[in-house]
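> Each residue of the sequence shown is one higher than the one before, counting from 93 in the working numbering.
Virtual Cβ for every residue (Gly too), placed ideally from N, Cα, C.
This structure is a prediction, so every number in the text was calculated from the model and none was measured.
Questions regarding the structure given below will be posed in turn.
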Amino acid sequence: MVAPRSSPAHPSPVFDSAQLALSLEQAVREAGSDPAARRSAVVAVLRDTLNEGREKARVLLDVERNGLACARRLSDLMDALVGALHDIAVRVLHPAVNLSSSERLAVVAVGGYGRGTLAPGSDVDLLFLLPYKTTPWSESVIESILYALWDLKLKVGHSTRSLDECIREAKGDLTIRTALLEARLLLGDAALFEEFEQRYDREVVQGTAAQFVAEKLGERERRVNRAGQSRYLVEPNVKDGKGGLRDLNTLFWIAKYVYRVKRSADLVQAGLFSQEEADLFRRCDEYLWRVRCQMHYVTGRAEERLAFDLQRQIAERLGYSSHGGMSAVERFMKRYFLVAKDVGDLTAIVCAALEARHAKPRAMLDRLVGRFRRSGRAISESKDFVIDNDRLSVARDDVFARDPVNLIRLFWIADKLNRAIHPDATRLVTRSLKLIGPEVRTSPEANRLFLEILTSTNAPEVVLRRMNEAGVLGRFTPEFGRVVAMMQFNMYHHYTVDEHLIRSIGILADIENGRLKDELPVANEILPAIRNRTVLAVALFIHDIAKGRPEDHSIAGARIARKLGPRLGLTPAETDTVSWLVEHHLLMSTIAQSRDLSDPKTIETFAATVQTLERLRMLLVLTVCDIKAVGPGVWNGWKGQLLRTLYWETEIVLAGGHSQIERAQRVRYAQDELRKALPTWPDAEVDAYVARHYPAYWLKVDLPRKVKHALFLRGAEKELRSLATEVATDSFRGVTELTVTAQDHPRLLAIVTGACAAAGANIVDAQIFTTTDGMALDTIFVSRAFDLDDDELRRANRVAQHIERALKGEIRIAEAVAARSPDRSSASKAFTVAPDVMIDNALSMRHTVIEVSGLDRPGLLYELTTALGKLNLNIASAHIATFGEKAVDVFYVTDLTGSKIANAARQASVRRHLMDVLQARDPARERDREPKLARAGGR
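This is the structure we're talking about:
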């Protein structure tokens, strides 16, 4: 069957107006004279029309894939319903003869409905326009219409105003003024509506363009701040987010107010857009409407946030499929973010045009695109560019055609002079992108300029983002162009790949400028010792550049580095280092978060891979920048502590120290250090206490915590308590410590983790020690739930009490965890993580290392430790890491004799039992269910 064709501006209707009129007449006739019965009959007919029309619009949306056509069909459908209700009200329910001049009424659509577009879940905004105040007749008609619309379960925004009230309210309220700007007469007194339009233009709009523009841009800025500043947030708000529909609306409101245009097509005639840009506006509008309508249809409500659990369904509805290493949902979201970028380009164009008209106040322009003053002066860096209104612009329209390297030089000068780029110059850049071909990419001068931008300490993040949004970055570095607007479909990364890479460069500059010295003390300290900062910057810029390919992105990225390095002018040695850093950019983070850093084998293996101190320094800084650029809240002091420990331990080995000798010396040093920190303790008591701990304890625990442990264990002994707990907060690392001492046994950690899960505490790490006299000394680190220490300590004490009750047998842990742990959240249900269990005897001299990875869920850590306890395995240390929806838990274990798990059959049994835990709730099956349950905190 051939898909129906219709113009988006005048789409084929989804209702039969003649049949609707006949059905209404019949319903009214059969209902008799009872007003209530008549209204019920009318509503029944309209409900059927509404439901059938919405369904037809949905089917046509799937067939035609035109969001604007769908929105206009739904608006036309609503016009018909409102018209039918008005007709019934004035002809049947409230007929009037010889209406006075005060009893005129115009029913007007305003807001988005006035624009002639509605999503399935949109509000229906109506204005009942009167010449003067309300009369009994007009009040009855209005009530009849509204009651029927409410009976249809529609969300109706309505107002009843006289002409004078409309003008007065529009002058004093920006929201009302904007809604009335899009007023559209549905039915009623046309002369009254025409009078309103004339007075609105004359009394409200005239002479207020600059004020309106300033207020709308300010409103946009506040809205974007609420929704999330970046247009590359991976769960964007399609309506209110940056680059969303509201931005397009704002552009059109401003154009309509300033240029007095009626339709988006008029923007070309007004000189605001070229035909190509007007077509881009229409395409962006259509695509965003397509996504929004599908979201409303899928959820059955006015859902505007494109959350993870929706993305997969919308991608399927829009017809995307997996291709070239990218899943269907990733391809869909890349398209979405490219559209959002285009909306940003259109915003800049409108702002430039408004400035040329002097329709935009300077204060607002300062916030949007940078400060400006009239100057138009030349600059010494190049004759091809000038300063226009304190922003960098082109001296002539042919500067890029004459010398395409100027497309890079523009941004280099902007960084050097710390200037914003004039929107007119950006517009010319976008039109000149085809000039960036092989000659420019291989130009030594272009690559020199780009490398200076990349390694700048001014504001490289800002300049690179400008280059990216103008399209230059992707054209100059095609490998980067492949990851522009590419999202990673997981809960860990907050931004698209290109935005993440650019942010990581910004963090490097912040470290160098000392802006993060308190938050990143070691990175701040060692960065000056790195001899070749250029290598580090290039590695950061490309470390994720191979995302979205079928093969491992680290290996593919290393290959790209070997190709790109010589082009950028790097030496073979520099290129080799960049390639190594890209290939191993996840190594330090992985080891720090999932390995026992007190185990000599861990450090020796890592040192053998790193080989040099220079690489170690670079890898640390790269790792810090990478993690911190993932998104807000991902970096914390706890991760910083782990990386610092790994760095210092490895530095000793790479500096020529022998790990075993160094460890013995450091154990003695740590013991002497504690003696000095306990000056009031008798020597015999200190000797006895020191003898209680194995070497690993002295190497792994810092001095302040060693002192706290000593006092804690001493206090428990004096009180004759074999079970005791203590809590403390650590604001720098963003964790709360729960310290537990009890008689050691194989299921101890399982009970403790279960108690934490049941109490809603999210465990981020655990330090597990057994003393020589058979006592356990475990410190569990949980995420903070409160900013204030007093609140956090109260909560932590409740968790500690839960642990004590569990260890005393007063709580049935399995039941408590089950009661606390509902199904996963709707967000995490959107994901699948292949479960995996790795068992390795080569990673540690004394322990078998078991690495378990899979989809995170509340209580998972408890279930895993319970399984290990049932397998009669002793857990020497546990390392817990969560990457969004993915959990990676690593356990260092022995059997009950203290030996490694060497038997192949025993390893297979361990693997089978742990896989059973990971697969206990199959995410593929769960996705077919629709429980609306919130996720409990804690693992």
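#1: Please state the DSSP three-state secondary structure of D987.
#2: Count the other C-beta atoms from every protein chain shown that fall within 10 angstroms of the C-beta of W672, then say buried if there are 16 or more, exposed otherwise.
#3: Taking Cβ positions, are R382 and G159 nearer each other than 8 angstroms?
#4: Just checking my contact of V713 with L593 at CB under 8 angstroms: how many whole Å lie between their CB atoms?
#5: Among A959, A850 and F975, whose alpha-carbon lies nearest the alpha-carbon of A1012?
#6: Please check the pair T871 and T831, which I expect to be a contact at CB under 8 angstroms, by giving their CB distance rounded to whole angstroms.
#7: Can you check which of these residues, T863, E553 and R839, is closest to A906 by C-alpha distance?
#8: With a threshold of 8 angstroms, are at least 3 pairs of Cβ atoms found where one atom belongs to the segment 569-580 and the other to the segment 629-645?
#9: Going by beta carbon distance, what residues of the same chain come within less than 6 angstroms of P1015, once the five residues before and after it are set aside?
#10: Grab the span of the alpha helix (DSSP H) containing F878 for me, first residue to last.
#11: Give me the Cα-Cα distance between R463 and E473, rounded to the nearest whole angstrom.
#12: Identify every residue that forms a DSSP beta bridge with L632.
#13: Using a Cβ-Cβ cut-off of 6 angstroms (strictly less than) and excluding sequence neighbours within five positions of P496, which residues of its own chain qualify?
#14: Can you name the start and end residues of the beta strand (DSSP E) that R253 belongs to?
#15: Counting pairs of beta carbons, one from the segment 845-859 and one from the segment 871-881, are three or more of them closer than 8 angstroms?
#16: Would you report the Cα separation of L138 and I972, rounded to the nearest angstrom?
#17: Run the CB neighbour count on Q111, radius 10 Å, all protein chains shown included, and call it buried at 16 or more, exposed below.
#18: Based on DSSP bridge pairs, tell me the residues matched to M578.
#19: Report the residue from A517, V575 and F492 whose alpha carbon sits nearest the alpha carbon of F429.
#20: Would you decide whether V73 is buried or exposed? Buried here means 16 or more other CB atoms lie within 10 Å of its CB.
#21: Using the three-state DSSP reduction, which class does E473 fall into: helix, strand or coil?
#22: From M559 to D836, what does the alpha carbon distance come to, in whole angstroms?
#23: Using a Cβ-Cβ cut-off of 6 angstroms (strictly less than) and excluding sequence neighbours within five positions of T974, which residues of its own chain qualify?
#24: Suppose you measure from the CA of E902 to the CA of G961; what does that come to, to the nearest Å?
#25: From the DSSP output, read off the bridge partner residues of L484.
#26: How close, in whole Å, do the beta carbons of V305 and I346 come, if the pair is a contact with beta carbons under 8 angstroms?
#27: Where does H102 land, buried or exposed, given buried means 16+ other C-beta within 10 angstroms?
#28: Candidates K426, S232 and A996: which alpha carbon is nearest V589's?
#29: By how many angstroms is the C-alpha of P724 removed from the C-alpha of L766?
#30: Helix, strand or coil for R651, going by three-state DSSP, please let me know.
#31: Considering only C-alpha positions, which residue in the set G846, T862, A847 and T828 is nearest to A834?
#32: What does a CB cutoff of less than 6 angstroms around V982 pick up in its chain, not counting 5 residues either side in sequence?
#33: Starting from E235, trace the beta strand (DSSP E) in both directions and tell me its first and last residue.
#34: Roughly how many angstroms separate the alpha carbons of D281 and T300, rounded to a whole number?
#35: Assuming contact is defined by CB atoms lying nearer than 8 angstroms, are A968 and Y954 in contact in what I supplied?
#36: Can you find the residues in the same chain that come closer than 7 angstroms, C-beta to C-beta, to C717, ignoring five residues on each side of it along the sequence?
According to the data block:
#1: Indexing the sequence shown from 1 puts residue 987 at position 895. Residue state, collapsed to three classes: strand.
#2: Numbered from its first residue, the sequence shown carries residue 672 at position 580. W672 should be labelled buried.
#3: One-based indexing of the sequence shown puts residue 382 at position 290. One-based indexing of the sequence shown puts residue 159 at position 67. Yes. Within cutoff.
#4: Residue mapping note: residue 713 aligns to position 621 of the sequence shown, counting from 1. Residue mapping note: residue 593 aligns to position 501 of the sequence shown, counting from 1. Their Cβ separation, rounded to whole angstroms, is 15 angstroms, which puts V713 and L593 out of contact at 8 angstroms.
#5: Stepping through the sequence shown from its first residue, residue 1012 is reached at position 920. Ranking the options by Cα distance to A1012, first place goes to A959.
#6: As a working mapping, residue 871 is identified with position 779 in the sequence shown. As a working mapping, residue 831 is identified with position 739 in the sequence shown. Sure, about 5 angstroms apart at Cβ, within 8 angstroms.
#7: Taking the sequence shown and counting its residues from 1, one reaches residue 906 at position 814. Ranking T863, E553 and R839 by Cα distance to A906 puts R839 first.
#8: yes
#9: On the sequence shown, residue 1015 is found 923 positions in, with the first residue counted as 1. Confidence in P1015 is poor, its pLDDT being 45 and thus under 50, which makes the residue's placement too unreliable to answer from.
#10: Here the question's residue 878 lines up with position 786 in the sequence shown. Premise fails: F878 is in no alpha helix (DSSP H) and is neither H nor E.
#11: Counting from one through the sequence shown, the residue named residue 463 turns up at place 371. Counting from one through the sequence shown, the residue named residue 473 turns up at place 381. In this prediction, R463 has a pLDDT of 35, which is less than 50 and means its spatial position is unreliable; what the coordinates show is noted afterwards. Looking at the two C-alpha atoms, the distance is approximately 21 angstroms.
#12: Within the sequence shown, residue 632 is the residue found at index 540, counting from 1. Answer is none; L632 lacks a bridge partner.
#13: In the sequence shown, the residue the question calls residue 496 occupies position 404. Here the set comprises L527 and V532.
#14: Start at 1 with the first residue of the sequence shown, and residue 253 comes out as number 161. Where R253 is concerned, the enclosing beta strand (DSSP E) stretches over V248 to S254.
#15: yes
#16: Sequence index remark: in the sequence shown, residue 138 carries index 46 (1-based). Sequence index remark: in the sequence shown, residue 972 carries index 880 (1-based). Distance between the alpha carbons of L138 and I972: 58 angstroms.
#17: The residue you call residue 111 lines up with position 19 of the sequence shown. Exposed.
#18: If you number the sequence shown from 1, residue 578 lands on position 486. Answer is none; M578 lacks a bridge partner.
#19: Here the question's residue 429 lines up with position 337 in the sequence shown. F429 has its Cα closest to that of V575, out of A517, V575 and F492.
#20: Residue numbering for the chain in the displayed model covers 93 to 1031; residue 73 lies beyond these limits and cannot be assessed.
#21: Taking the first residue of the sequence shown as position 1, residue 473 is located at position 381. E473 falls in the coil class under three-state DSSP.
#22: Stepping through the sequence shown from its first residue, residue 559 is reached at position 467. Stepping through the sequence shown from its first residue, residue 836 is reached at position 744. Cα to Cα, M559 sits roughly 60 angstroms from D836.
#23: On the sequence shown, position 882 is the one that residue 974 refers to. Result list for T974: D948, in chain order.
#24: Reading the sequence shown from its first residue, position 810 is the one you call residue 902. Reading the sequence shown from its first residue, position 869 is the one you call residue 961. Those two C-alpha atoms are separated by around 20 angstroms.
#25: In the sequence shown, residue 484 corresponds to position 392, counting from 1. I479 and I513.
#26: In the sequence shown, residue 305 corresponds to position 213, counting from 1. In the sequence shown, residue 346 corresponds to position 254, counting from 1. So it is a contact: roughly 5 angstroms between Cβ atoms.
#27: If you number the sequence shown from 1, residue 102 lands on position 10. Exposed: under 16 other Cβ atoms inside 10 Å.
#28: On the sequence shown, position 497 is the one that residue 589 refers to. Answer by Cα proximity: K426.
#29: Walking along the sequence shown from the start, residue 766 turns up at place 674. Walking along the sequence shown from the start, residue 724 turns up at place 632. Cα to Cα, L766 sits roughly 37 angstroms from P724.
#30: Sequence index remark: in the sequence shown, residue 651 carries index 559 (1-based). Looking at R651 - three-state DSSP - the assignment turns out to be helix.
#31: Counting from 1 along the sequence shown, the entry for residue 834 is found at position 742. Selected option, being the one with the closest Cα: T862.
#32: Within the sequence shown, the letter at position 890 stands for residue 982. Contacts found: S686, E943 and H971.
#33: On the sequence shown, residue 235 is found 143 positions in, with the first residue counted as 1. Where E235 is concerned, there is no enclosing beta strand (DSSP E), although the alpha helix (DSSP H) it sits in stretches over P228 to D243.
#34: By 1-based counting over the sequence shown, the position of residue 281 is 189. By 1-based counting over the sequence shown, the position of residue 300 is 208. Near 28 angstroms, if we compare the C-alpha coordinates of T300 and D281.
#35: Numbered from its first residue, the sequence shown carries residue 968 at position 876. Numbered from its first residue, the sequence shown carries residue 954 at position 862. No, Cβ-Cβ distance for A968 and Y954 is not below 8 angstroms.
#36: Reading the sequence shown from its first residue, position 625 is the one you call residue 717. Only S596, I599, L600 and L632 meet the Cβ criterion.
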